[in-house]
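Protein sequences appear in the order of chains F, L and Z. First residue of the first sequence: 21, per this note's numbering; consecutive thereafter. First residue of the second sequence: 102, per this note's numbering; consecutive thereafter. First residue of the third sequence: 14, per this note's numbering; consecutive thereafter. All C-beta atoms, glycine included, are put in the ideal place defined by N, C-alpha and C. Written out below as structure tokens is the structure these notes cover.
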Amino acid sequence: MHRRTMLKGLGAVASLPLLGSAAHAEDTVKIGLILPMTGQSASTGKQIDAAVKLFMAQNGDSVAGKKVQVILKDDTGVADVTKRLAQELIVNDKVAVLAGFGLTPLALAVAPLATQAKVPEIVMAAATTIITQKSPYIVRTSCTLPQTTVPLADWAAKNGIKTVVTLVSDYGPGIDAAKAFKGRFTKAGGKITGELTAPLRNPEFAPFLQKVRDLKPDALFLFVPSGQGAALMKQVAERELTKAGIKVIATGDVTDDDQLPDMGDSVLGMVTTHFYSAAHPSPENKAFVAAFEKANPKMRPNFMAVGGYDGMHLIYEALKKTGGKTDGTALVDAMKGASWTSVRGPVKIDPATREIIQTVYVRKVEKVDGQLYNIEFDKIPDVVPPSPDGN
Amino acid sequence: MSLPEPAADAARLLGRRARIRPAEWLFWALAFAALFLLPERHLILNSIAVQALFALSYDLVLGFAGIVSLGHAAFFGVGAYAAGLMTKFVTGDPLLGLAAAGLAGGVVGFASSFLLLRGSDLTRLMVSLGVALILAEIANKAAWLTGGTDGFSGMAVGPVLGRYAFDIFGHVAFAYSLCVLFVLFVLARIVVHSPFGLSVTALHHNPLRARAVGVPVNRRLVAMYTFAAIYAGIAGGLLAQTTQFVSLDVLDFNRSADVLLMLVIGGTGYLYGGMIGAALFVLAQDQLASLTPQYWHFWIGLALVVLTLVGRERFAKRLGAFARLLPGAR
Amino acid sequence: MLTILFDGVAYGMVLFVLACGLSVTLGLMNFVNLAHGVFAMVGGYVTVLLMNDYGVPFLATLPLAFIVAAALGAVLERTLYVHLYDRSPLDQVLFTIGLVFMAVAAADYVIGSQQQLIYLPPMLSGRLHLGALDIGVYRLFLIVVCAVLVAILHYIVTRTRFGSRLRAAVDDPRVARGLGINVNAIFALTFAMGSGLAGLGGALGADILGIDPTFPLKYMIYFLIVVTVGGTSGMMGPFVAAILLGVADVAGKYYVPELGAFMIYGVMIAVLILRPQGLFARGNA
Numbered sequence: 021m022h023r024r025t026m027l028k029g030l031g032a033v034a035s036l037p038l039l040g041s042a043a044h045a046e047d048t049v050k051i052g053l054i055l056p057m058t059g060q061s062a063s064t065g066k067q068i069d070a071a072v073k074l075f076m077a078q079n080g081d082s083v084a085g086k087k088v089q090v091i092l093k094d095d096t097g098v099a100d101v102t103k104r105l106a107q108e109l110i111v112n113d114k115v116a117v118l119a120g121f122g123l124t125p126l127a128l129a130v131a132p133l134a135t136q137a138k139v140p141e142i143v144m145a146a147a148t149t150i151i152t153q154k155s156p157y158i159v160r161t162s163c164t165l166p167q168t169t170v171p172l173a174d175w176a177a178k179n180g181i182k183t184v185v186t187l188v189s190d191y192g193p194g195i196d197a198a199k200a201f202k203g204r205f206t207k208a209g210g211k212i213t214g215e216l217t218a219p220l221r222n223p224e225f226a227p228f229l230q231k232v233r234d235l236k237p238d239a240l241f242l243f244v245p246s247g248q249g250a251a252l253m254k255q256v257a258e259r260e261l262t263k264a265g266i267k268v269i270a271t272g273d274v275t276d277d278d279q280l281p282d283m284g285d286s287v288l289g290m291v292t293t294h295f296y297s298a299a300h301p302s303p304e305n306k307a308f309v310a311a312f313e314k315a316n317p318k319m320r321p322n323f324m325a326v327g328g329y330d331g332m333h334l335i336y337e338a339l340k341k342t343g344g345k346t347d348g349t350a351l352v353d354a355m356k357g358a359s360w361t362s363v364r365g366p367v368k369i370d371p372a373t374r375e376i377i378q379t380v381y382v383r384k385v386e387k388v389d390g391q392l393y394n395i396e397f398d399k400i401p402d403v404v405p406p407s408p409d410g411n
Numbered sequence: 102m103s104l105p106e107p108a109a110d111a112a113r114l115l116g117r118r119a120r121i122r123p124a125e126w127l128f129w130a131l132a133f134a135a136l137f138l139l140p141e142r143h144l145i146l147n148s149i150a151v152q153a154l155f156a157l158s159y160d161l162v163l164g165f166a167g168i169v170s171l172g173h174a175a176f177f178g179v180g181a182y183a184a185g186l187m188t189k190f191v192t193g194d195p196l197l198g199l200a201a202a203g204l205a206g207g208v209v210g211f212a213s214s215f216l217l218l219r220g221s222d223l224t225r226l227m228v229s230l231g232v233a234l235i236l237a238e239i240a241n242k243a244a245w246l247t248g249g250t251d252g253f254s255g256m257a258v259g260p261v262l263g264r265y266a267f268d269i270f271g272h273v274a275f276a277y278s279l280c281v282l283f284v285l286f287v288l289a290r291i292v293v294h295s296p297f298g299l300s301v302t303a304l305h306h307n308p309l310r311a312r313a314v315g316v317p318v319n320r321r322l323v324a325m326y327t328f329a330a331i332y333a334g335i336a337g338g339l340l341a342q343t344t345q346f347v348s349l350d351v352l353d354f355n356r357s358a359d360v361l362l363m364l365v366i367g368g369t370g371y372l373y374g375g376m377i378g379a380a381l382f383v384l385a386q387d388q389l390a391s392l393t394p395q396y397w398h399f400w401i402g403l404a405l406v407v408l409t410l411v412g413r414e415r416f417a418k419r420l421g422a423f424a425r426l427l428p429g430a431r
Numbered sequence: 014m015l016t017i018l019f020d021g022v023a024y025g026m027v028l029f030v031l032a033c034g035l036s037v038t039l040g041l042m043n044f045v046n047l048a049h050g051v052f053a054m055v056g057g058y059v060t061v062l063l064m065n066d067y068g069v070p071f072l073a074t075l076p077l078a079f080i081v082a083a084a085l086g087a088v089l090e091r092t093l094y095v096h097l098y099d100r101s102p103l104d105q106v107l108f109t110i111g112l113v114f115m116a117v118a119a120a121d122y123v124i125g126s127q128q129q130l131i132y133l134p135p136m137l138s139g140r141l142h143l144g145a146l147d148i149g150v151y152r153l154f155l156i157v158v159c160a161v162l163v164a165i166l167h168y169i170v171t172r173t174r175f176g177s178r179l180r181a182a183v184d185d186p187r188v189a190r191g192l193g194i195n196v197n198a199i200f201a202l203t204f205a206m207g208s209g210l211a212g213l214g215g216a217l218g219a220d221i222l223g224i225d226p227t228f229p230l231k232y233m234i235y236f237l238i239v240v241t242v243g244g245t246s247g248m249m250g251p252f253v254a255a256i257l258l259g260v261a262d263v264a265g266k267y268y269v270p271e272l273g274a275f276m277i278y279g280v281m282i283a284v285l286i287l288r289p290q291g292l293f294a295r296g297n298a
């Protein structure tokens, strides 16, 4: 073989991957989905993954003349892995959109990258307030903690509760929730008689709950991340707080649909506020829940799944608006102000903050056909994510 | 001046062990070739380089000083936060950041080394683990400084040597990490073959005899442990600078366990084990996790089980003719 | 005050019941069995699945949890573990971590990643009010079970022929063999017992901790802490250590919540500095 041809051959081989991805870029839109699929937050990843797959099955894998390809990556919930995966997805796979992000630090680690590479970052789960302020390319389809907490503080103040003790997990979202509840509730004339934080990874709540019992407030406000609610509620039941005259209220993270069926009758009547319940009585939601449960037996969709489902909807809508163009800035602009009827109710992306404006429901745990559900009995429409102090 | 015959023999023997083997040239040639030949893999190569430095540091502790630890992430994490704070509040220069990281790692290593001088392997394992977990809890509580669970962000790392800015492709990051790894490796190689390093190794193999010939056991152990902790701190600093983010999991138990796995896979006591193990481990994890994001742990686990049952030693021998060419391989 | 003390002791018992199997394999047999939590998880799943899917009463599931975990332990011991007794601790770590990874992924695949919980019969739930003391019935049950368990185990190890053969086999297998002790059988039986105890621990702990695939990793540190602090000489050490750690943890969280998470590690380090071999060292127990 002549040396010249060999060199040419080498050159061709070297440029193959580049050519390949360029050719693909013409007709394929890639979405990098980074989720914790293993480890402590695996259930979050699974719910979102299942919802994304369901959305693709229902809406087809092409939009605006482009084929949509989702690349799923497991970041094990570790921030530097998330960052590297995101970077590889941008650089090597040339993804048009990054999505997922199960926990706050994971979303924050990628924020500078989204700005630098001008790639939209769709946050489907992480709920600390500051996230969207970290990059103009971040759009969120879940919620912020104050957004779902403030209506509960209002409800408590209106329903004869004068004193509250807060007990939250000791990390960003937990602190957010406690602060928002306190700010709003004290402004409405209520009093916080104790603020407790439990370590994120310790399952023993007994000393904290005993403290609550000894403080004897009218109500106990709870927040723990999705997945820990059931263990907490068991210990609440064991401590017999309700019998001691202490009402238990929480954000919907605690009575998470993923775990609610196994929580037992002790949670009956518990009041929570959140943006989604699997029992939401709209035709859209009924169809969604039925399809989800058919595709994933023994699994009930929770708010994480809805964050993922709506995230995909938003990406599809944005692609329709740009006519399939994958320019990051154009995509984010197309997302701003988008509004639709989600399975959770009417939603809108706030053009100024890129947060989701949505209805927050006040719900009570009830038994329907022998199964526990969060049944909505009141709602506050169009809740804009409030400032962290809840006002 | 001439040494008496047996001493001269010993010196020759040790000199031969310290000689640079051909396989070593090959190893580093391959590593640097990756800079030019695999540009689209630089991101993962960078994390391999960081892990390799971390594993090298752990080899100094386990392979040379013979201290089993399950808390090596303590120094890695402290280094990462030190580099982060340095960048955010003092200067964006990466090398000064690394110096801060190494210093922080060394201080914590020095302070905690005194806790590890007594007790069995199991005791040392648990005390080192306890130190790392307490540091993780401090980092969590000191959210005003470290960002707590939300992570530490807002680091603007300046260009390396004032010229090479970090890019999104990881080119500069990898080149930077690889150079740091190389320089520190050379230094480590000199140290373990110095009289000091040899006395530490002797200690590890036969503490009684070492004590009898007058090696100050505790002082040597403290020194080696601190030296390794500086390395771990620098590895943490590298991670912080190249990801421009620090999260609490830099201090996590899993990180300590992973580095132990990497080193044991690659083999202890010859400096290259950690680096080879890091490369194998990170690549396997990455490949398996992209094939089956949900269940890749199963395959890693299976590999570990098979590896131990077949015999790590035999595996190391297969791995090489190569491994045997490296200095001090047993 | 008394309630806090009681809760601490009860939490200590949860720790003990999980870790006592490990004090058999790690403490008595000197095998670094990081896969201990796997057996606990298996026992926990046996209880959870039998109760929730087949309606078996809680107390009836406990012996089954023990038997299934013990059987699994025996099988793994004969097929895999036996090859590793004379290897270095590092090999044992590598091997057992591998088992943990496999078990975590397999449990996730077979059962799913959600946390599984059980609901105790009314007989065991609820609270008792005895003057100033206000205690959970199940926690009282746990304390009683553990006290009985530790008494039996202590008796077996120190007072029976089996116990002395076991100690002989561990201290010097060659001499023990020469004396006509069937070392292999003793090891297999002991390992099965350790695994069975782990299974029982998982079953008893399922109510308070919940069972999910990451269980073996999540609680690995706690098992190790209890065994290390207790010392590896017998059953009393871990028992006392578990109570000490449980009370320190619960009281710490109640009285100084800011330092809550530090307490258990701080106590561990303090004990190990003062007594590097643990509270009850081999030879002086």
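Exercise. Indicate whether at least one CB of chain L lies closer than 8 Å to the CB of F/P408.
Key: Locating residue 408 of chain F in the first sequence gives position 388, counting from the first residue. Not closer than 8 Å to any Cβ of chain L, the Cβ of F/P408 fails to qualify, so no.
Practice problem: Spatial neighbours of F/Q167 within its chain, please: CB distance less than 7 Å, with the 5 preceding and 5 following residues excluded, ordered by chain position. | Solution: Position 147 of the first sequence holds residue 167 of chain F. Non-local C-beta neighbours of F/Q167 in its own chain, meaning closer than 7 Å and more than five positions away in sequence, comprise V380, V403, P405, P406, ordered along the chain.
Quiz item: Applying the criterion that 16 or more other CB atoms from any shown protein chain within 10 Å of the CB defines a buried residue, is F/W360 buried or exposed?
Solution: To locate residue 360 of chain F, count along the first sequence from 1; it is residue 340. Exposed, since its Cβ has fewer than 16 Cβ neighbours within 10 Å.
Practice problem: Sort out for me which residues DSSP pairs F/K399 with in a bridge. | Solution: By 1-based counting over the first sequence, the position of residue 399 of chain F is 379. Beta-bridge pairing links F/K399 to F/Y381.
Quiz item: What residues in its chain sit with their C-beta under 7 Å from that of F/H22, if we drop five residues either side in the sequence?
Solution: Here residue 22 of chain F refers to the residue found at position 2 of the first sequence. No answer about F/H22 holds up, because its pLDDT of 46 lies below 50 and its placement is not dependable.
Practice problem: Report the partner residues of F/P366 according to the DSSP bridge assignment. | Solution: Here residue 366 of chain F refers to the residue found at position 346 of the first sequence. Bridge partners of F/P366: F/T361.
Exercise. Indicate whether Z/M54 and Z/F228 have their beta-carbon atoms separated by less than 8 Å.
Key: Your numbering for residue 54 of chain Z matches position 41 in the third sequence. Your numbering for residue 228 of chain Z matches position 215 in the third sequence. In terms of Cβ geometry, Z/M54 and Z/F228 form a close pair [threshold 8 Å].
Quiz item: If F/G97 and F/L53 are in contact, beta carbons under 8 Å, what's the gap, nearest whole angstrom?
Solution: The residue given as residue 97 of chain F occupies position 77 in the first sequence. The residue given as residue 53 of chain F occupies position 33 in the first sequence. Separation of the CB atoms of F/G97 and F/L53 is rounded to 15 Å, and the pair is thereby denied contact status at 8 Å.
Practice problem: Tell me, please, whether the CB atom of Z/D66 is closer than 8 Å to any CB atom in chain F? | Solution: Here residue 66 of chain Z refers to the residue found at position 53 of the third sequence. Not closer than 8 Å to any Cβ of chain F, the Cβ of Z/D66 fails to qualify, so no.
Quiz item: Taking Cβ-Cβ distances shorter than 8 Å, what residues in chain Z pair up with L/D222?
Solution: Start at 1 with the first residue of the second sequence, and residue 222 of chain L comes out as number 121. P102, listed in chain order.
Quiz item: DSSP puts L/F253 in a beta bridge; with which residues?
Solution: Residue mapping note: residue 253 of chain L aligns to position 152 of the second sequence, counting from 1. The secondary-structure analysis by DSSP pairs L/F253 across a beta bridge with L/V347.
Quiz item: Can you round the beta-carbon distance between L/G206 and L/V179 to whole angstroms, since I take them to be within the 8 Å contact cut?
Solution: If you number the second sequence from 1, residue 206 of chain L lands on position 105. If you number the second sequence from 1, residue 179 of chain L lands on position 78. With 8 Å as the limit, L/G206 and L/V179 qualify as a contact, their Cβ atoms being about 6 Å apart.
Quiz item: According to DSSP, is F/I376 helix, strand or coil?
Solution: By 1-based counting over the first sequence, the position of residue 376 of chain F is 356. Reduced to three states, the DSSP call for F/I376 is strand.
Quiz item: How many whole angstroms separate the CB atoms of L/A130 and L/G337, which I take to be in contact at a CB cut-off of 8 Å?
Solution: Within the second sequence, residue 130 of chain L is the residue found at index 29, counting from 1. Within the second sequence, residue 337 of chain L is the residue found at index 236, counting from 1. Going by Cβ atoms, the distance from L/A130 to L/G337 rounds to 28 Å, so no, they are not a contact pair.
Quiz item: In chain order, what residues of the same chain have a beta carbon less than 6 Å from the beta carbon of L/L229, not counting five sequence neighbours either side?
Solution: Taking the second sequence and counting its residues from 1, one reaches residue 229 of chain L at position 128. Sequence inspection shows Ser at residue 229 of chain L; the Leu mentioned does not correspond to that position. Listed in chain order, the non-local C-beta contacts of L/S229 below 6 Å within the same chain comprise S170, L171, G172, local neighbours out to five positions each way being set aside.
Practice problem: Tell me whether Z/H142 is buried or exposed, calling it buried when 16 or more other Cβ atoms sit within 10 Å of its Cβ. | Solution: On the third sequence, residue 142 of chain Z is found 129 positions in, with the first residue counted as 1. Result: exposed.
Practice problem: Could you pull out every residue in the same chain whose Cβ sits closer than 8 Å to the Cβ of L/L364, ignoring the five residues on either side in sequence? | Solution: Numbered from 1 along the second sequence, position 263 holds the residue referred to as residue 364 of chain L. Counting only Cβ-Cβ distances below 8 Å, and skipping sequence neighbours, we find A156, Y159, D160, L163, G164, G374, G375, G378.
Practice problem: Would you mind telling me which residues of chain F sit closer than 7 Å to Z/L112, beta carbon to beta carbon, in chain order? | Solution: Residue numbering aside, residue 112 of chain Z sits at position 99 when the third sequence is read from its first letter. In chain order: nothing, as chain F lies at least about 16 Å away.
Quiz item: In the structure shown, what three-state DSSP assignment does F/H333 receive?
Solution: If you number the first sequence from 1, residue 333 of chain F lands on position 313. Helix at F/H333.
Practice problem: Using 10 angstroms around the beta-carbon of F/G180, count the other beta-carbons present and answer buried if the total reaches 16, otherwise exposed. | Solution: Position 160 of the first sequence holds residue 180 of chain F. With fewer than 16 other Cβ atoms from the protein chains shown falling within 10 Å of its own Cβ, F/G180 counts as exposed.
Quiz item: Within 10 angstroms of its Cβ, does L/W126 collect 16 or more other Cβ (buried), or is it exposed?
Solution: The residue you call residue 126 of chain L lines up with position 25 of the second sequence. Under this definition L/W126 is an exposed residue.
Quiz item: Does L/S278 come within less than 8 Å of chain F when only Cβ atoms are used?
Solution: Position 177 of the second sequence, counting from 1, holds the residue named residue 278 of chain L. L/S278 does not count as touching chain F.
Quiz item: Whose Cβ in chain Z lies nearer than 7 Å to the Cβ of L/V228?
Solution: As a working mapping, residue 228 of chain L is identified with position 127 in the second sequence. Neighbours of L/V228 on chain Z, chain order: I282, L285.
Practice problem: Kindly indicate which three-state DSSP category L/Q342 falls into: helix, strand or coil? | Solution: Walking along the second sequence from the start, residue 342 of chain L turns up at place 241. The DSSP-derived three-state label of L/Q342 is helix.
Quiz item: Quick one: is the Cβ of Z/A164 within less than 7 Å of any heavy atom of the ligand GTP?
Solution: The model depicted lacks the ligand GTP and carries no ligand whatsoever.
Quiz item: Nearest chain Z C-beta to F/Q391 closer than 8 Å, yes or no?
Solution: In the first sequence, counting from the first residue as 1, residue 391 of chain F sits at position 371. Chain Z, which has no Cβ nearer than 8 Å to the Cβ of F/Q391, makes this no.
Quiz item: With C-beta atoms as the reference, is L/P195 less than 8 Å away from L/G298?
Solution: Taking the first residue of the second sequence as position 1, residue 195 of chain L is located at position 94. Taking the first residue of the second sequence as position 1, residue 298 of chain L is located at position 197. Using a Cβ distance threshold of 8 Å, L/P195 and L/G298 do not count as a contacting pair.
Quiz item: Using 8 Å as the threshold, is the region 102 to 118 of chain F in touch with the region 52 to 71 of chain F, meaning 3 or more CB pairs across them?
Solution: Contact between the region 102 to 118 of chain F and the region 52 to 71 of chain F is present: three or more C-beta pairs spanning the two stretches fall below 8 Å.
Quiz prompt | Inter-residue Cα distance where the pair is L/G370 and L/L279 | solution = Stepping through the second sequence from its first residue, residue 370 of chain L is reached at position 269. Stepping through the second sequence from its first residue, residue 279 of chain L is reached at position 178. Taking the straight line joining both Cα atoms gives about 21 Å.
Practice problem: Helix, strand or coil for F/A43, going by three-state DSSP, please let me know. | Solution: If you number the first sequence from 1, residue 43 of chain F lands on position 23. Low confidence applies here, because F/A43 scores a pLDDT of 42, under 50, leaving its location unreliable; read the following figure in that light. For F/A43, the three-state secondary structure derived from DSSP is helix.
Quiz item: Going along the chain, which residues of the region 58 to 70 of chain F sit with their C-beta nearer than 9 Å to a C-beta in chain Z?
Solution: Within the region 58 to 70 of chain F, the residues whose Cβ lies closer than 9 Å to some Cβ of chain Z are T58, G59, Q60, A62, S63, G65, K66, listed in chain order.
Quiz item: Whose Cβ in chain L lies nearer than 7 Å to the Cβ of Z/Y278?
Solution: Within the third sequence, numbered from 1, the residue matching residue 278 of chain Z stands at position 265. By Cβ distance, chain L contributes G231, L234, I235.
Quiz item: Roughly how far, in whole angstroms, is the beta-carbon of F/I269 from the beta-carbon of F/A298, given that I think they are within contact range, below 8 Å?
Solution: For the purposes of this step, residue 269 of chain F is identified with residue 249 of the first sequence, where counting begins at 1. For the purposes of this step, residue 298 of chain F is identified with residue 278 of the first sequence, where counting begins at 1. Wrong, their Cβ atoms sit about 20 Å apart, outside the cutoff.
Practice problem: Quick one: which residues of the region 190 to 214 of chain F get their C-beta closer than 9 Å to a C-beta of chain L? List them in chain order. | Solution: Taking 9 Å as the Cβ-Cβ cut-off against chain L, the residues of the region 190 to 214 of chain F that qualify are D190, Y191, G192, P193, G194, I195.
Quiz item: Along chain F, in chain order, which residues have C-beta atoms closer than 9 Å to that of Z/A255?
Solution: Counting from one through the third sequence, the residue named residue 255 of chain Z turns up at place 242. Below the 9 Å Cβ cutoff, chain F contributes no neighbours of Z/A255, its closest Cβ being approximately 13 Å away.
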